[in-house]
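Here the sequence shown stands for residues 1 to 385, numbered as in the UniProt record's numbering.
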Amino acid sequence: MLPALPDGDERELESSEEGGSGAGDERRPERHGSTYHSLYGYRSRRSSRRGADGGAEPDSPRGRDFSLSLLDTNLPAEAETELRGFIAKRLAKGAVFEGMGNVATVELSIPECKVGCYYCLFQQESLLETPTLESDINAPEYVVCFLGGSEKEDTFRLELDKYIQSLKLSLDLEQKTLETCANPYLRSWFENAICPIQRVVQLFQEKLAFLLHAALSYTPVEVKNADERTEKDISRFLAAASLQGLVQEGTMASLCIAMTEEQHKSMVVDCIGAQPQLHNAGSNRFCEDWMHAFVNGAEGGNPFLFRQILENFKLKAIQDINNLKRFIRQAEMNHYALFKCYMFLKNCGSGDILLKIVKVEHAEMPEARNVVTVLEEFMRETAVA
Numbered sequence: 001m002l003p004a005l006p007d008g009d010e011r012e013l014e015s016s017e018e019g020g021s022g023a024g025d026e027r028r029p030e031r032h033g034s035t036y037h038s039l040y041g042y043r044s045r046r047s048s049r050r051g052a053d054g055g056a057e058p059d060s061p062r063g064r065d066f067s068l069s070l071l072d073t074n075l076p077a078e079a080e081t082e083l084r085g086f087i088a089k090r091l092a093k094g095a096v097f098e099g100m101g102n103v104a105t106v107e108l109s110i111p112e113c114k115v116g117c118y119y120c121l122f123q124q125e126s127l128l129e130t131p132t133l134e135s136d137i138n139a140p141e142y143v144v145c146f147l148g149g150s151e152k153e154d155t156f157r158l159e160l161d162k163y164i165q166s167l168k169l170s171l172d173l174e175q176k177t178l179e180t181c182a183n184p185y186l187r188s189w190f191e192n193a194i195c196p197i198q199r200v201v202q203l204f205q206e207k208l209a210f211l212l213h214a215a216l217s218y219t220p221v222e223v224k225n226a227d228e229r230t231e232k233d234i235s236r237f238l239a240a241a242s243l244q245g246l247v248q249e250g251t252m253a254s255l256c257i258a259m260t261e262e263q264h265k266s267m268v269v270d271c272i273g274a275q276p277q278l279h280n281a282g283s284n285r286f287c288e289d290w291m292h293a294f295v296n297g298a299e300g301g302n303p304f305l306f307r308q309i310l311e312n313f314k315l316k317a318i319q320d321i322n323n324l325k326r327f328i329r330q331a332e333m334n335h336y337a338l339f340k341c342y343m344f345l346k347n348c349g350s351g352d353i354l355l356k357i358v359k360v361e362h363a364e365m366p367e368a369r370n371v372v373t374v375l376e377e378f379m380r381e382t383a384v385a
């Protein structure tokens, strides 16, 4: 029932692996090849051309003169020059927009030769909040580049976009705090933005099924006795594994309320020992099957593979939700379709969660709500039997 990864993707992801890590390295994920970063100061001067009516013409990215000054990097000099040339071409074409990250594969003079490159143009937070009359001329902005892995970095675009927000807050307008504040963000981008999913898989192992179930059902999770990084990792995993943005926002809000009001309320994750202890945890066959996919992937320890598995997990959940909704529409007029609904719920492995989701979505539809009520009774009778 697990959708397989395309063979080409799996081979590409595994090609950068150089042996597994020992049992004692569980909390420190293996890095695949080297990871690099570059931070540039970006200065542009808008052209002063005037239109026919005497007003200033709207500026286009192609009409700008700009410069890139290197502020920080761990790339070799030749590779940094090549990267700067690539970024300059993208800027000249107007293909880079403030605050929107991009991902590309670049060829540089480094051992890996081809690497994935995430790059983003951003403006320092305090400047955005305090515009001046001179802000249109030589406005100080920055371009940050994170390089490593492959083009699969695209699957982490949202995480890296959020990471840039943290960097913006730490970067002083005049670079006074570059070494003390911004540089640690640059050096640790891979560990902090890419590896949390991998660390959670290695920490929970077979207990990951309970975390997947909580994410899918929007069950509140309370973390106790964990260090700051572990708590953030678990929070990021739950956010990445949830159906946020894939299911209607109103449905998710109602589901959150319904799960909070249930008898067991929050699932508790107690990290007091080497492996977390779970209380009020739920699971099902669907989440257990996907847990095995994660645990088997942990042998290679590739964070990009973990993210691909997580995306496939969510895709399969959405497919099951859509199939159930289609069966329910048919069951409103056909008793045989009602039986098909029941068999689907019984065999899909996640009937408990699917029923809760469609129940919320169909709350204002009397006929569909009646079908859901009958299905709930069937499922309860099956559970008792």
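Built from N, CA and C at the ideal position, the CB exists for glycine as well.
| query | result |
| --- | --- |
| Sequence-distant residues of its chain with Cβ nearer than 7 Å to Tyr36 (five each side left out) | Asn74, Leu75, Leu147, Gly148 |
| Beta-carbon spacing of Thr155, Arg307 below 7 Å | yes |
| Best match in Glu191, Glu98, Arg84 for proximity to Ala34 [C-alpha to C-alpha] | According to the sequence displayed, residue 34 carries Ser and not Ala. Ranking Glu191, Glu98, Arg84 by Cα distance to Ser34 puts Glu191 first. |
| Beta-bridge pairing of Thr105 - partner residues as DSSP gives them | Gly116 |
| Environment of Arg50 [buried if 16+ CB atoms lie within 10 Å] | Confidence at Arg50 is low in this model, with a pLDDT of 45, below 50, so its placement is unreliable and the value that follows should be read with caution. The residue is exposed, with fewer than 16 neighbouring Cβ atoms inside 10 Å. |
| Boundaries of the alpha helix (DSSP H) in which Leu147 is found, first to last residue | First-last for Leu147: 141 to 147, but that is the beta strand (DSSP E), not the alpha helix (DSSP H). |
| Among Lys265, Arg187, Ile272, the one whose alpha carbon lies nearest that of Pro220 | Lys265 |
| Whole-angstrom distance between Leu167 and Ser47, CA atom to CA atom | Residue placement at Ser47 is flagged as unreliable, the pLDDT there being 47, under the threshold of 50; the coordinate-derived value follows with that caveat. Cα to Cα, the separation comes out at about 30 Å. |
| First and last residue of the uninterrupted alpha helix (DSSP H) at Thr81 | 77 to 92 |
| Whole runs of the alpha helix (DSSP H) within the region 179 to 232, excluding any shorter than 4 residues | 183 to 187, 196 to 204, 208 to 217 |
| Sufficient close CB pairs (3 or more, under 8 Å) joining the region 288 to 305 to the region 193 to 206 | yes |
| Best match in Asp65, Phe86, Phe66 for proximity to Ser38 [C-alpha to C-alpha] | Phe86 |
| Supposed contact pair Phe210 and Ser283 - C-beta distance, whole angstroms, cut 8 Å | 5 Å |
| 8 Å CB neighbourhood of Leu278 in its chain, flanking five on each side removed | Lys207, Phe210, Met267, Val268, Val269, Asp270 |
| For Pro276 and Ala79, the rounded distance between their alpha carbons | 43 Å |
| Close beta carbons around Tyr118, own chain, < 6 Å, minus the five adjacent residues each side | Gly101, Val103, Phe146, Glu153, Leu160 |
| Of the residues Lys89, Ile110, Ser67, Ala88, the one placed nearest Ala77, counting alpha carbons only | Ile110 |
| Beta-carbon spacing of Phe294, Ile309 below 7 Å | yes |
| C-alpha gap between Gly312 and Phe66, whole angstroms | For clarity, residue 312 is Asn in the given sequence; the question names Gly instead. Each residue's Cα considered, the two are about 42 Å apart. |
| 4 or more residues per run - each alpha helix (DSSP H) lying fully within the region 280 to 340 | 285 to 297, 303 to 331 |
| Cβ neighbour criterion (16 or more within 10 Å) applied to Gly349 | buried |
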